[in-house]
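Trainee: Take a look at the following structure, please.
Protein chains: 2
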Amino acid sequence: MEALKKRILAEGRPVGTDVIKVDSFLNHQIDAEFMYEIGEEFKKRFESKEITKILTIEASGIAIAVCTAKFFGYPPVVFAKKAAPNTMVEGFYSTGAQSFTKDAAAQIVIAKKFISKEDKILIIDDFLAYGEAAFALCNLAEQAKAQIVGVGAVIEKEFQGGGKRLRENGYFVKSLAIIEKIEDGKIVFKE
Amino acid sequence: MEALKKRILAEGRPVGTDVIKVDSFLNHQIDAEFMYEIGEEFKKRFESKEITKILTIEASGIAIAVCTAKFFGYPPVVFAKKAAPNTMVEGFYSTGAQSFTKDAAAQIVIAKKFISKEDKILIIDDFLAYGEAAFALCNLAEQAKAQIVGVGAVIEKEFQGGGKRLRENGYFVKSLAIIEKIEDGKIVFKE
Numbered sequence: 000m001e002a003l004k005k006r007i008l009a010e011g012r013p014v015g016t017d018v019i020k021v022d023s024f025l026n027h028q029i030d031a032e033f034m035y036e037i038g039e040e041f042k043k044r045f046e047s048k049e050i051t052k053i054l055t056i057e058a059s060g061i062a063i064a065v066c067t068a069k070f071f072g073y074p075p076v077v078f079a080k081k082a083a084p085n086t087m088v089e090g091f092y093s094t095g096a097q098s099f100t101k102d103a104a105a106q107i108v109i110a111k112k113f114i115s116k117e118d119k120i121l122i123i124d125d126f127l128a129y130g131e132a133a134f135a136l137c138n139l140a141e142q143a144k145a146q147i148v149g150v151g152a153v154i155e156k157e158f159q160g161g162g163k164r165l166r167e168n169g170y171f172v173k174s175l176a177i178i179e180k181i182e183d184g185k186i187v188f189k190e
Numbered sequence: 000m001e002a003l004k005k006r007i008l009a010e011g012r013p014v015g016t017d018v019i020k021v022d023s024f025l026n027h028q029i030d031a032e033f034m035y036e037i038g039e040e041f042k043k044r045f046e047s048k049e050i051t052k053i054l055t056i057e058a059s060g061i062a063i064a065v066c067t068a069k070f071f072g073y074p075p076v077v078f079a080k081k082a083a084p085n086t087m088v089e090g091f092y093s094t095g096a097q098s099f100t101k102d103a104a105a106q107i108v109i110a111k112k113f114i115s116k117e118d119k120i121l122i123i124d125d126f127l128a129y130g131e132a133a134f135a136l137c138n139l140a141e142q143a144k145a146q147i148v149g150v151g152a153v154i155e156k157e158f159q160g161g162g163k164r165l166r167e168n169g170y171f172v173k174s175l176a177i178i179e180k181i182e183d184g185k186i187v188f189k190e
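Residue numbers (numbering that gives the first Met the number 0), protein chains in the order written: chain A, 0 to 190; chain B, 0 to 190.
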């Protein structure tokens, strides 16, 4: 997605060789108008797929998932939570995931009633790095015996291998911008 | 907002006399189409106000804020974070807030670069209960010397007093549905 790559080059800031900060439009400050362009692009990438539910994880995935929903005819969006709040009194599916940016393991949960074996799930997130969040979301959906139709990431950091692992496991993965490496403070996209 | 009240009555489930669960459309599963109706209603409630930025807090406020942005001509949405991730290497404003549903005190942070004294801020959140999150967001915006134009909540639980405290402190508060009390498992709206 050319507009996204331009935006990453203009506003993204590499931190070392592992992290790219895009907090001016994606995951702290959000350009809501641009999120619709992203949603429309996801629709193109998963055009042929029937989707009954969009699954994401708090917090940065929510804006993207909600804006993507519009282009799929508004299926429900469900976001997994990083801890069970005390209002979640009913059954939930649970799995562990390591957060790369927060340097901590988290419990990821989702109420059982919001995913069923009839669901065809599109998983959406902002980043695909080591794949911890994506695998955790797949795990939750699979506990419910739902079908995972695809995994969409706004930015894939290819060098961290999560996308490769997901594809090797048979998931249909589409990333709107794929970063091959961060070298000498420069972002290098995959051609 | 009548459509919201109907939805709360149809799907909201009281837990004791303090909590009302609306996780089927607002804060776990999200009805994105309905979020636009909510955003449009916020536009009506803050019609006369000039807004340069919408401020909310992760995670449940994000979908609402993003959908509200559309009706104000897409000002940037900024969501405060409940802890500073290790990618937040620059200066941030910070304040404490008690989470009602998670029974824990949290540090709420926002990068300094995303709010300035030129900003006219609309604060948006899903619930207004004791007002802890709203006051924390006001505090962050005021640290940046920004002007707080209004505070909008989807659901206000009047009996927990946060709305009253905010109004007494001079904030312009609008809630789309105001719950007077939860009694014998029934939700009573304020007339």
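All C-beta atoms in this analysis are idealised placements derived from N, C-alpha and C, irrespective of residue type, glycine included. Everything numeric in this text was worked out from a predicted model, so none of it was measured.
Do you know offhand how far A/A68's Cα is from A/V150's?
Mentor: Rounded to the nearest angstrom, the two C-alpha atoms are 14 Å apart.
Trainee: Could you tell me whether the segment 106-120 of chain A touches the segment 42-58 of chain A, using the rule of 3 or more Cβ pairs below 8 Å?
Mentor: Yes, the segment 106-120 of chain A is in contact with the segment 42-58 of chain A.
Trainee: Using only alpha-carbon positions, find the residue among A/A176, A/I186, A/A133 that is nearest to A/L3.
Mentor: That would be A/A176, whose Cα lies nearest to the Cα of A/L3.
Trainee: What separation, rounded to the nearest whole angstrom, lies between the Cα atoms of B/V18 and A/K80?
Mentor: So the alpha carbons of these two residues sit roughly 18 Å apart.
Trainee: Taking the C-alpha atoms as reference points, what is the distance between A/A96 and A/Y35?
Mentor: Each residue's alpha carbon lies about 28 Å from the other.
Trainee: Please confirm whether B/L127 and B/G161 have their CB atoms less than 7 Å apart.
Mentor: Their beta carbons are under 7 Å apart, which means B/L127 touches B/G161 by this criterion.
Trainee: Contact criterion: CB-CB distance below 7 Å. Does A/F91 meet it with respect to chain B?
Mentor: Chain B, which has no Cβ nearer than 7 Å to the Cβ of A/F91, makes this no.
Trainee: Quick one: which unbroken alpha helix (DSSP H) runs of 4-plus residues sit fully inside the segment 19-65 of chain B? Chain order, please.
Mentor: Correct list: 31-44.
Trainee: Can you tell me whether B/L94 is helix, strand or coil according to DSSP?
Mentor: The question names Leu, but residue 94 of chain B is Thr in the sequence shown. Three-state DSSP puts B/T94 in a strand.
Trainee: Flag B/V40 as yes if its beta-carbon sits less than 7 Å from any beta-carbon of chain A, otherwise no.
Mentor: The question names Val, yet the displayed sequence has Glu at residue 40 of chain B. It does not; no Cβ of chain A falls within 7 Å.
Trainee: Applying the criterion that 16 or more other CB atoms from any shown protein chain within 10 Å of the CB defines a buried residue, is B/Q146 buried or exposed?
Mentor: Counting Cβ neighbours within 10 Å, B/Q146 comes out exposed, since fewer than 16 surround it.
Trainee: If we count the other Cβ atoms within 10 Å of its Cβ and call it buried at 16 or more, is A/K20 buried or exposed?
Mentor: Buried, by the Cβ-count rule.
Trainee: Could you say which of B/Q28, B/E89, B/E40, B/L25 lies nearest to A/H27 if we only look at CA atoms?
Mentor: When only C-alpha atoms are compared, the closest one is B/E89.
Trainee: Flag this pair as yes or no: are the beta carbons of B/F78 and B/I61 separated by less than 7 Å?
Mentor: Going by C-beta atoms, B/F78 is nearer than 7 Å to B/I61.
Trainee: How about the segment 118-132 of chain B and the segment 152-171 of chain B: do they share at least three Cβ pairs that are nearer than 8 Å?
Mentor: Judged by Cβ distances under 8 Å, the segment 118-132 of chain B makes contact with the segment 152-171 of chain B, as three or more pairs qualify.
Trainee: Is it right to say B/L8 is buried, meaning 16 or more other beta carbons lie within 10 angstroms of its own, or is it exposed?
Mentor: Exposed, by the Cβ-count rule.
Trainee: State the Cα-Cα distance for the pair A/S23 and B/R12, rounded to the nearest angstrom.
Mentor: When rounded, the distance between both Cα atoms is 37 Å.
Trainee: Since A/I56 and A/D118 are thought to touch, with beta carbons under 8 Å apart, how far apart are those beta carbons, to the nearest angstrom?
Mentor: Their Cβ separation, rounded to whole angstroms, is 16 Å, which puts A/I56 and A/D118 out of contact at 8 Å.
Trainee: Can you give me the C-alpha to C-alpha distance between A/Y92 and A/E39, rounded to a whole angstrom?
Mentor: Looking at the two C-alpha atoms, the distance is approximately 30 Å.
Trainee: Buried or exposed for B/A58, going by 16 or more other Cβ atoms inside 10 Å?
Mentor: So B/A58 ends up on the buried side.
Trainee: State yes or no: is the beta carbon of B/F191 nearer than 7 Å to at least one beta carbon in chain A?
Mentor: Only positions 0 to 190 of chain B appear in this structure, which leaves residue 191 of chain B out of reach.
Trainee: Please return the same chain residues whose Cβ sits closer than 6 Å to the Cβ of A/V76, not counting the five positions on each side in sequence.
Mentor: So the list reads I53, A64, V65, A68, once near-sequence residues are dropped.
Trainee: Go through the segment 144-172 of chain B residue by residue and report every complete run of the beta strand (DSSP E) that reaches 3 residues or more, in order.
Mentor: Qualifying beta strand (DSSP E) stretches, in chain order: 146-156.
Trainee: Grab me the residues of B/A135's own chain with a C-beta within less than 6 Å of its C-beta, minus the 5 sequence neighbours each way, in chain order.
Mentor: The answer, listed in chain order, is T94, A96, I107.
Trainee: On the DSSP bridge list, what partners appear for A/I122?
Mentor: A/L54, A/V150.
Trainee: If the cut is a Cβ gap below 7 Å, which residues of chain B does A/D30 touch?
Mentor: Under the 7 Å cutoff, chain B gives P75.
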